[in-house]
Every structure is written in C-alpha cells, then in structure tokens.
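For the sequence shown, my numbering gives the first residue as 4, with consecutive numbering after it.
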Amino acid sequence: MRGNIGYCQRCPTELAEKHIEGRIRQYCPSCEFVVYLDPKVVAAVLVSDGERLVMVKRGVEPQMGRWAFPSGYVDRGEVVERAAVREVKEETGLDIDLDRFIGLYSLEGNPVILAVYSAHITGGNMQAGHDAQEAAWFPLNELNDLPFPHDQQILSDWRGLI
C-alpha cells in the first residue's frame with residue numbers, strides 16, 4: 004500500500020501504516036498526521052455533430068494506440084469545465100462549447116474520477132495534438148471497441164440525454 008510519500012509533511016519522521024477509518028493509511032507516528040491521497044480528476048468530452056463523435060487515437064498510456072473520447076487530467080486549481088474545453092483543444096485542435104454534464108464515473112481501487120460532458124464545435128480545425136496520434140470523426144454505430152471500463156456506460160448515459 005505504501006505510496007510515494009516516505010516522510011511526514013509536518014515533521015522529519017518516516018511514515019508508518021495503520022488502520023484508520025476503515026482503511027490502511029500512511030500516518031506519522033510522531034505527530035499523528037494522516038496522509039489522505041487525493042484522487043485524480045479527469046475530464047472527458049463527447050463532441051458530436053448528431054451522427055458522429057470526435058475520437059482521438061491515444062498517443063500516451065494507458066491504452067496508447069486505441070481510439071477514445073478526448074480527455075485529460077484537470078490541473079490543481081483548474082475549473083473542471085475549463086479543463087474539458089482545454090483538453091479537446093489540445094488533443095483535437097477544435098474549439099467547443101459544452102452542452103451538458105453527462106456524469107461522474109469511478110471504480111473501486113482506481114484513483115481516477117472521470118467527469119464527462121457533451122459538447123458541440125464552435126471553430127478550429129481538426130488535427131491531432133501533442134498526446135494524440137490522430138483525431139477523427141466516428142459514426143455512432145462504429146463505437147464498439149472502446150478502451151476504458153466506463154465508455155459504453157458513458158455512451159448509454161449520453162444517448163439517454165439527447
């Protein structure tokens with residue numbers, strides 16, 4: 004369970020582990036500071052023209068080389084909706100306006116919380132960005148082999164909203 008944190012943030016004591024609040028957590032045996040590891044927030048966007056979705060061929064792990072929704076990490080202090088717009092621009096070259104919030108998705112034991120939005124294009128030219136190998140339109144009926152556990156549920160939830 005030991006994370007990347009080796010020493011207390013408050014005093015120079017090596018961290019230990021113990022059962023706290025129903026989980027094994029790192030804590031400082033000297034000052035009793037408890038380490039709560041924050042989840043990582045990811046924003047994903049379903050950019051649609053009504054019949055197709057913009058997809059990116061991932062240029063980084065996990066799932067490098069697979070087609071996925073444009074997505075990426077939210078920076079500390081960044082508004083999630085702004086991160087969603089930024090990630091679409093960085094990965095596809097497209098300018099978008101968010102239409103609606105689709106949902107939050109997470110898995111037990113996985114530190115990622117995924118916030119998903121739908122959007123429409125307002126400008127830009129589609130071209131793969133720095134962490135995407137390609138960007139392209141995919142017909143909705145060709146979205147069967149998606150790389151992440153929540154992807155089919157996200158599509159189902161989105162279809163229920165449109």
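Every residue gets a Cβ at the ideal spot worked out from N, C-alpha and C, and that includes glycine. All figures in this text were calculated on a predicted structure; none of them were measured in a lab.
- For Gln-156, the three-state secondary structure derived from DSSP is helix.
- Positions of the beta strand (DSSP E) runs, each at least 3 residues long and wholly inside the stretch 37-61, are given as 43-50, 55-61 in order along the chain.
- With respect to Val-91, Ala-47 sits apart: the two C-beta atoms are not nearer than 7 Å.
- Glu-94 sits close to Gly-132, with the two beta carbons spaced by under 7 Å.
- Look at Glu-35 here: in three-state DSSP terms it is coil, with no helix or strand label.
- Where Arg-85 is concerned, the enclosing alpha helix (DSSP H) starts and stops at 83-95.
- For the pair Met-67 and Phe-141, the CB atoms are not nearer than the 7 Å cut-off.
- Annotation for Glu-137: the continuous beta strand (DSSP E) segment containing it runs 135-142.
- Contact between the stretch 99-117 and the stretch 19-27 is not established, with fewer than three Cβ pairs separated by less than 8 Å.
- Between the alpha carbons of Gln-12 and Thr-125 lies a distance of about 45 Å.
- A straight line joining the alpha-carbon of Pro-150 with that of Val-115 spans about 15 Å.
- Here Ser-51 really is in contact with His-123; their C-beta atoms are around 7 Å apart, less than 8 Å.
- Residue pairing by DSSP leaves Gly-112 without any beta bridge partner.
- The DSSP-derived three-state label of Gly-132 is coil.
- Remark: C-beta atoms of Asn-128 and Gly-96 approach each other more closely than 7 Å.
- In the DSSP assignment, Ile-23 falls within the beta strand (DSSP E) that extends over 19-23.
- DSSP, read as helix, strand or coil, puts Gly-80 in coil.
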